[in-house]
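Residue numbers (the working numbering): 554 to 770.
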Amino acid sequence: MICGVDEAGRGPVLGPMVVAAVMVDDDSELRMMNVRDSKKLTPSRREKLAVEIRGIASIEIAVIPAEEIDEKRGRISLNEFEACVFASLIDRLNPQEAYVDAADVDENRFRAWIKKRLSCNPQITCCHRADDKYPVVSAASIIAKTVRDQFIVEIQREMRVPIGSGYASDPTTISFLESWLREKGDYPPHTRRSWKTAKRVETLAKNSRITDWSADE
């Protein structure tokens, strides 16, 4: 049995991080599906593949809300916390081999963090861009991404206004955070308050923006 582990939503300022582990007997069916890194697939293709993957694989998922990410980061690094979550999912599946996408710049260090937290003893392959190299990690990437996308849709329904993707590079997300802070005086639910982006937007919301000024001012 082989297992692949990957995450979606590590970097956004808004919404949860989702970690998925996918286990199969071998990766032949995944190769036939032509699974790829989820970022290289259209949303409709991801959704279709997610259904197919769920039909042939054992899957474990962890959804880590923004509040928990903030709390954990107060005690350990995000990379170490992510390794803890990876290890917990691998333990649930108990594979013979595990392939993981390295979240840390040092692949061996990330592998060691996972290994020391495991109760089972699989052979672990840990590398950068594993979602490009190993179909079982591509499958985990697809599952994690589709689950996170569903949460973003639910958060938008809750907020009743467009919130964007949750990433700092998304103008809709930044506009939503700034507007909410200006109106409510606090961050909206599901915001990672410890993120530098959140603190920058808070500062912006408390001050007049240059775009608010008229040309003769």
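Ideal Cβ positions, reconstructed from N, Cα and C, are used throughout, including at glycine.
Computed from a predicted model, the values in this text were never measured in an experiment.
Out of curiosity, what's the CA-to-CA distance linking Arg599 and Gly719?
One C-alpha to the other measures close to 19 Å.
Between Pro618 and the rest of its own chain, which residues show a CB-CB distance below 8 Å, the 5 nearest in sequence each way excluded?
Taken in chain order, the residues that qualify are Pro569, His743.
Flag this pair as yes or no: are the beta carbons of Val653 and Ile629 separated by less than 8 Å?
No.
As a quick exercise: from Val616, Ile622, Ala692, pick the residue whose alpha carbon is nearest that of Met705.
Per the sequence presented here, residue 705 reads as Ile, with Met not at that position. Among Val616, Ile622, Ala692, the Cα nearest to that of Ile705 is on Val616.
So what's Met576 in DSSP terms, helix, strand or just coil?
Residue state, collapsed to three classes: strand.
My output table needs one value for Gly557: the three-state DSSP class, helix, strand or coil.
The answer is strand: DSSP assigns Gly557 an E or B state.
Measure the C-alpha to C-alpha separation of Asn587 and Asp657 and round it to an integer number of angstroms.
Taking the straight line from one Cα to the other gives about 27 Å.
Counting only the same chain and skipping the five closest in sequence on each side, list residues whose C-beta sits under 6 Å from that of Ile667.
The answer, listed in chain order, is Ala636, Phe639, Ala640.
Excluding the 5 residues flanking Arg701 on each side, which residues of the same chain have their C-beta closer than 6 Å to its C-beta?
Around Arg701: Ala561, Gly562, Val571.
In the DSSP assignment, the beta strand (DSSP E) including Ile677 goes from what residue to what residue?
Note, Ile677: beta strand (DSSP E), 676–680.
Between the Cα of Phe634 and the Cα atoms of Asp644, Gly557, Gly608, Ile622, which residue gives the shortest distance?
Among Asp644, Gly557, Gly608, Ile622, the Cα nearest to that of Phe634 is on Ile622.
Quick check: the Cα distance between Ser597 and Pro724, rounded to an integer number of angstroms?
Each residue's Cα considered, the two are about 23 Å apart.
Looking only at C-alpha atoms, which of Asp590, Lys592, Ile643 sits nearest to Val558?
It is Ile643.
Please report the distance separating the alpha-carbon of Glu755 from that of Asp579.
If I take the Cα positions, the gap works out to 48 Å.
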